[in-house]
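Each remark here refers to the structure printed beneath this line.
2 protein chains.
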Amino acid sequence: MALEHAILVSLDERSGSGYELAQRFEKSIGFFWAATHQQIYRTLKRMVDLGWVSCHEVAQDGRPDKKVYEVTEAGHGELARWLASPGEPETIRHDLSVKVRGASLGDPEALMDEIARHRALHAERLDVYLAIEKKDFPAPSALSGRRLHQYLVLRGGIRGEQALIEWCDEVLAAMREDDRR
Amino acid sequence: MALEHAILVSLDERSGSGYELAQRFEKSIGFFWAATHQQIYRTLKRMVDLGWVSCHEVAQDGRPDKKVYEVTEAGHGELARWLASPGEPETIRHDLSVKVRGASLGDPEALMDEIARHRALHAERLDVYLAIEKKDFPAPSALSGRRLHQYLVLRGGIRGEQALIEWCDEVLAAMREDDRR
DNA sequence: GGGTGCAGTGCAACTAGTTGCATAGGTTCC
DNA sequence: GGAACCTATGCAACTAGTTGCACTGCACCC
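Chains S and B are the protein sequences, given in the same order.
Each residue of the first sequence is one higher than the one before, starting from 26 at the first, in our numbering.
Each residue of the second sequence is one higher than the one before, starting from 26 at the first, in our numbering.
Here you go:
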């Protein structure tokens with residue numbers, strides 16, 4: 026399971042509270058590993074029990090207290106172990122493909138709308154990624170270490186969204202063509 | 026949830042037993058919706074309760090009896106309803122991206138091996154898909170209806186694997202370059 | 001002064017998927 | 001004759017993720 030490890034990676038980049046982590050999982054790290062605040066709080070608790078992170082409360086004025094977590098020695102060990110250990114590719118579960126496969130059993134117009142909607146969502150995500158690429162990584166060939174790794178992951182997001190958009194376009198074109206006949 | 030709907034699509038293509046379905050989920054439909062035989066048996070039972078499929082036992086000689094399922098009127102209704110209803114894109118959880126993002130916290134050589142291994146797995150899958158494309162869909166522009174939809178889903182698999190392979194190559198090249206410096 | 005929204009943490013109940021095991025007769029290979 | 005594998009169905013226990021809700025208190029807007 027990788028939520029623990031995603032949290033370790035994120036906390037290593039910068040220590041923070043569950044709330045702050047939840048925000049990071051809304052963007053950056055969340056672009057390739059989804060998690061809600063519920064999961065994060067629950068997992069952080071488990072990670073404290075495992076000794077992978079330590080926790081200290083921080084009083085704040087004008088806002089509620091918070092618990093700041095940071096990666097321990099044991100946490101770094103676990104992270105290194107996990108990084109070197111082989112993993113399987115994610116299992117694929119792609120809703121929209123099931124719908125396309127079953128297209129002839131429903132209303133083709135409605136399905137094409139649905140595909141167009143997904144295309145738009147992916148185009149939106151792609152725009153976000155491209156904006157980050159342009160703003161944060163204007164000179165990619167000069168990158169190294171951590172920054173390079175962040176950039177490479179972003180590249181994966183860009184490639185993935187592009188592939189999905191192109192697929193949606195192919196499906197829409199073929200279905201329209203088939204419709205006309 | 027789409028397992029029910031994937032089963033409906035598959036049973037509509039051809040009625041069959043839980044065992045036969047499980048085999049289909051090892052290939053064809055399983056390429057874009059993963060499911061184990063456990064899940065399938067459990068879900069089929071629920072679907073009988075919901076009235077989406079009907080079930081009759083078939084005695085066989087030389088092998089155990091089997092239960093053959095087929096889609097009911099209600100099942101077709103549910104499928105049509107689901108096909109027309111909007112769904113969210115799958116939530117992304119990509120292990121390997123987490124590992125790349127955390128690359129500087131572990132052994133870079135081991136991680137590069139891991140990426141190369143994934144690249145090989147995706148290349149293998151791509152070969153399978155391309156072989157199916159060549160064998161089953163030699164003249165795609167002539168396709169229509171059900172066969173066209175099957176082809177389009179396969180195209181999605183091909184595009185996805187290609188994108189992943191290219192990404193792995195980009196990551197490997199960049200990390201090797203970074204290593205040299 | 002009242003509503004909305006943010007910062008912050010968390011429980012409880014649920015759904016979905018995974019893993020390991022059980023059973024049982026038949027075939028195939030050595 | 002025994003081991004391994006195929007067809008066929010299923011239970012039980014577990015892990016992971018989702019959804020809905022609860023509580024506090026400050027800030028900001030109208």
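Ideal Cβ positions, reconstructed from N, Cα and C, are used throughout, including at glycine.
Assigned secondary structure, residue i (DSSP; H/G/I helix, E/B strand, else coil)
{"i": "His81(B)", "result": "strand"}
{"i": "Lys52(S)", "result": "coil"}
{"i": "Ser35(S)", "result": "helix"}
{"i": "Ser166(S)", "result": "helix"}
{"i": "Ser129(S)", "result": "helix"}
{"i": "Ser122(B)", "result": "helix"}
{"i": "Glu115(S)", "result": "coil"}
{"i": "Gly182(B)", "result": "helix"}
{"i": "Gly87(S)", "result": "coil"}
{"i": "Gly76(B)", "result": "coil"}
Partner residues on chain B for residue i, Cβ-Cβ distance less than 7 Å
{"i": "Val196(S)", "result": "Leu177"}
{"i": "Asp120(S)", "result": "Ala27, Gly112 and Glu115"}
{"i": "Ala31(S)", "result": "Val123"}
Inter-residue spacing [alpha-carbon to alpha-carbon] between residue i and residue j
{"i": "Leu189(S)", "j": "Asp86(S)", "result": "46 Å"}
{"i": "Arg206(S)", "j": "Gln63(S)", "result": "51 Å"}
{"i": "Glu103(S)", "j": "Trp77(S)", "result": "7 Å"}
{"i": "Gly185(B)", "j": "Leu28(B)", "result": "21 Å"}
{"i": "Leu121(B)", "j": "Tyr154(S)", "result": "18 Å"}
{"i": "Gly112(S)", "j": "Asp204(S)", "result": "43 Å"}
{"i": "Ile54(S)", "j": "His147(B)", "result": "23 Å"}
{"i": "Ser40(B)", "j": "Glu95(B)", "result": "5 Å"}
{"i": "Pro133(S)", "j": "Leu108(B)", "result": "9 Å"}
{"i": "Lys70(S)", "j": "Glu149(B)", "result": "40 Å"}
{"i": "Glu45(S)", "j": "Lys124(S)", "result": "37 Å"}
{"i": "Gly182(S)", "j": "Val34(B)", "result": "30 Å"}
{"i": "Gly170(S)", "j": "Cys193(S)", "result": "35 Å"}
{"i": "Ala31(B)", "j": "Glu202(S)", "result": "25 Å"}
{"i": "Glu98(S)", "j": "Ala105(S)", "result": "11 Å"}
{"i": "Glu158(B)", "j": "Arg88(S)", "result": "59 Å"}
{"i": "Ile117(B)", "j": "Leu173(B)", "result": "28 Å"}
{"i": "Leu179(B)", "j": "Glu191(B)", "result": "18 Å"}
{"i": "Gln187(B)", "j": "Thr68(S)", "result": "34 Å"}
{"i": "Pro163(S)", "j": "Ala199(B)", "result": "16 Å"}
{"i": "Leu75(S)", "j": "Ala84(S)", "result": "25 Å"}
{"i": "Glu115(S)", "j": "Gly131(S)", "result": "30 Å"}
{"i": "Tyr176(B)", "j": "Pro165(B)", "result": "8 Å"}
{"i": "Phe56(B)", "j": "His119(S)", "result": "9 Å"}
{"i": "Ala167(B)", "j": "Glu195(S)", "result": "15 Å"}
{"i": "Met26(S)", "j": "Asp152(B)", "result": "29 Å"}
{"i": "Trp58(S)", "j": "Lys52(S)", "result": "10 Å"}
{"i": "His110(B)", "j": "Asp161(B)", "result": "Residue identity differs from the one stated: residue 110(B) is Ser in this sequence, not His. Each residue's alpha carbon lies about 31 Å from the other."}
8 Å Cβ cut-off: residues of chain B touching residue i
{"i": "Lys159(S)", "result": "In chain order: nothing, as chain B lies at least about 18 Å away."}
{"i": "Ala34(S)", "result": "Checking the displayed sequence, the identity of residue 34(S) turns out to be Val instead of Ala. Result: Val123, Arg126, Gly127 and Leu130."}
{"i": "Gly102(S)", "result": "Ordered by position in chain B, no residue passes the 8 Å Cβ test against Gly102(S), which lies about 10 Å from the chain."}
{"i": "Gly170(S)", "result": "Ser129 and Asp203"}
{"i": "Ala188(S)", "result": "Arg184, Gly185, Gln187 and Ala188"}
{"i": "Asp37(S)", "result": "Gly127 and Leu130"}
{"i": "Arg142(S)", "result": "Pro111"}
Beta-carbon neighbours of residue i, restricted to chain S and to distances below 7 Å
{"i": "Lys124(B)", "result": "Leu108"}
{"i": "Trp192(B)", "result": "Arg180, Gly181 and Arg184"}
{"i": "Ser199(B)", "result": "The sequence given here places Ala at residue 199(B); Ser does not occur at that position. By Cβ distance, chain S contributes Leu173 and Leu177."}
{"i": "Glu139(B)", "result": "Pro111"}
{"i": "Arg206(B)", "result": "Ser169"}
Own chain, CB closer than 7 Å to residue i, minus 5 neighbours either side, in chain order
{"i": "Glu82(S)", "result": "Asp90 and Lys92"}
{"i": "Tyr66(S)", "result": "Gly43"}
{"i": "Gly100(B)", "result": "Leu33, Trp77 and Val78"}
{"i": "Ala47(S)", "result": "His62 and Ile65"}
Spatial neighbours of residue i in its chain, beta-carbon cut-off 8 Å, leaving aside the 5 residues before and after
{"i": "Leu197(B)", "result": "Met137, Ile140, Ala141 and Arg144"}
{"i": "Ala128(S)", "result": "Leu136 and Met200"}
Own chain, CB closer than 6 Å to residue i, minus 5 neighbours either side, in chain order
{"i": "Val73(S)", "result": "Cys80"}
{"i": "Asp37(S)", "result": "Val96"}
{"i": "Phe50(S)", "result": "Ala60"}
{"i": "Arg126(B)", "result": "none"}
Chain-ordered chain S contacts of residue i [CB-CB under 9 Å]
{"i": "Leu155(B)", "result": "Chain S residues near Leu155(B): none, gap ~16 Å exceeds 9 Å."}
{"i": "Leu151(B)", "result": "Simply none; closest approach about 12 Å."}
The ligand HEM heavy atom lying under 7 Å from the CB of residue i
{"i": "Ile32(S)", "result": "Inclusion of the ligand HEM in the displayed structure is not the case, the ligand content being empty and no account of it being possible."}
Contacts that residue i makes with chain S (C-beta to C-beta distance below 8 Å)
{"i": "Leu136(B)", "result": "Leu108 and Ala109"}
| Positions along the region 105 to 118 of chain S whose CB lies within less than 7 Å of some CB in chain B | Ala105, Leu108, Ala109, Pro111, Gly112, Pro114, Glu115, Thr116, Ile117 and Arg118
| task | With 8 Å as the C-beta to C-beta threshold (strictly closer), list the residues of the region 47 to 74 of chain B near chain S in chain order. | result | Ile54, Phe56, Phe57, Trp58 and Ala59
| If you measure beta-carbon to beta-carbon, which residues of the region 75 to 87 of chain B are closer than 9 Å to chain S? | none
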